[in-house]
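Residue numbers (the numbering used here): 12 to 367.
Listed below in C-alpha cells is the structure:
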C-alpha cells in the first residue's frame, strides 16, 4: 500500500514493514539523505503555500484542570472526516506539522497543538515537576479529552513525534481505565531511551543543549536563519518548507529585528534531563490502545555504530509494542532519521495516509 502511495508522490517507495509480517536486515551504514504572534494575527507565508487546506489559530485553556494555556492550529474537515491530533517534538511547534498536513491525501480534521514551553503555549517555571514526562503525558490526556468532547466523538488517531509519544504511552499505561478519547496512536520515532540514555545520557544531552543556548545568546539574523541553524545542529538536510515553518511558527522577532526561538534552550534541556526509560517504565503495565510505532531506520549514532544502535533500539521498540493493545506493531521506515517530520514531509504524509 505504501509503495503505491510513494509512486503516486513521484518517489521511490521506501520500506515500511510490520515486524512479524516481513523480515528486514538492519542498515550497514548511515543512510544518505539528501515574529511572536498574538491571537488573531495573520499566520503568514506558510499558510499560503497550500492551495488545498487552510487552517486557523485557536487556544485550549486547561489551567482549571492543572494544565496550561495551549496554542494550536486547526484544519477543519467534513463532519465524517477522521479527527487527528498532532503533537510535535522537543524545540519544535505545532507549525512543524503544516508541511505534512497539507500533503495528506485524506481530508482529515487536524488539530496540531503547541506543547507546554513551546510555540505560544505557556512555559512553566524551571526547576519544578512541570517538565517531568508524566506531566506532558497528562497534557496529552487533557487535550485529547477536550478535543473529543468538543467534537462529540473520540479522536480517530493521535500522531506524535519524538518524546511526546513516550509521554503519551506513560499516561495510557497509568490510566485507571482505557482512554476512550483516542482510538489509535501513531508514534513517529519515539525516544525509546534505555536506562543509560535516561540517566547519564539524559544529563549529557541537557548539558549540551544549554551550551547551544549559550551559542545562540545573540539570537538570529532572520526567520530563515532559525531553520538553517537547526539544520546545522542536527547535521541532516531538512526540507525547505520545514525550515520555513520553524521560523514562521517557532520563532519571534524583537524590536531590534533579532529572531529568537520560542522554546528556550533551558526549557528544552529541562525536558531532556527528565528522560524516562520507556520499556522499563512500562514493565508490569499495559497500554490499552492500538499503537503503531514508526521506527526510523537511521538512528542517532555515528555511521560505524548504526547497525548496533539500530538493533538495540529495535529491541526496545518491540518490548514497548508488546505492552500495547491488539493491532499494535512496529513499522520500520527506511531512509530517514529521528527528524523525519522535518526531513521528508512527503514520506511522512504518505506513511500516515497508509496508517490512519
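Where a beta carbon is used, it is the ideal one built from N, C-alpha and C, also for glycine. What you are looking at is a predicted structure, and each value in this text was computed from that prediction instead of being measured.
Excluding residues up to 5 positions away in sequence, 200, 344, 347, 348, 349 and 351 lie with their Cβ nearer than 7 Å to the Cβ of residue 307 in the same chain. Here the alpha carbons of residue 304 and residue 325 stand approximately 11 Å from one another. Contiguous beta strand (DSSP E) elements confined to the stretch 55-109 occur at 67-72, 80-86 and 94-98, taking only those with 3 or more residues. A Cβ-Cβ distance of about 16 Å is found for the pair residue 100 and residue 213, leaving them out of contact under the 8 Å criterion. Secondary structure within the stretch 232-299: the beta strand (DSSP E) runs of 3 or more consecutive residues, fully enclosed, are 262-264 and 270-272 (chain order). Rounded to whole angstroms, residue 274 and residue 341 show a C-alpha spacing of 30 Å. Residue 144 sits away from residue 123, with the two beta carbons spaced by 8 Å or more.
Distances from the alpha-carbon of residue 225 to those of 272, 357 and 111 put 272 closest. DSSP assignment within the stretch 117-164 yields the following whole alpha helix (DSSP H) runs of 4 residues or more, N-terminal first: 144-162. Judged by pairs of C-beta atoms under 8 Å, the stretch 141-158 touches the stretch 68-75, as three or more such pairs exist. Proximity of the stretch 330-339 to the stretch 77-84 falls short of the contact definition, fewer than three beta-carbon pairs being nearer than 8 Å. For a cut-off of 8 Å, the C-beta gap from residue 231 to residue 269 is around 7 Å, short enough to register as a contact. Per DSSP, reduced to three states, the secondary structure at residue 226 is helical.
Selection 263, 260, 278 and 335 evaluated against residue 295 yields 335 as nearest (Cα-Cα). In the DSSP secondary-structure assignment, residue 307 is bridged to 344. Residue state for residue 334 is assigned as coil, using DSSP reduced to three classes.
Between residue 129 and residue 98, the C-beta spacing is not below 8 Å.
The way I'd put it, the stretch 183-199 doesn't touch the stretch 248-268; fewer than three beta-carbon pairs between them come closer than 8 Å. Sequence-distant Cβ neighbours of residue 169 in its own chain, meaning closer than 6 Å and more than five residues away, are 96, 193 and 196. Boundaries of the beta strand (DSSP E) harbouring residue 197: 195-199, taken from the DSSP string. The straight-line gap separating the alpha-carbon atoms of residue 165 and residue 158 is approximately 8 Å. Each residue's CA atom was taken as its position, placing residue 265 and residue 234 some 12 Å apart. Residue 210: not part of any beta strand (DSSP E); DSSP gives it neither H nor E. Closest in alpha carbon position to residue 280, among 338, 299, 229 and 218, is 218. Relative to the Cα of residue 256, the nearest Cα in the group 241, 245 and 246 belongs to 241. With fewer than 16 other Cβ atoms from the protein chains shown falling within 10 Å of its own Cβ, residue 316 counts as exposed. With respect to the C-alpha of residue 292, the residue from 209, 313 and 302 having the closest C-alpha is 209.
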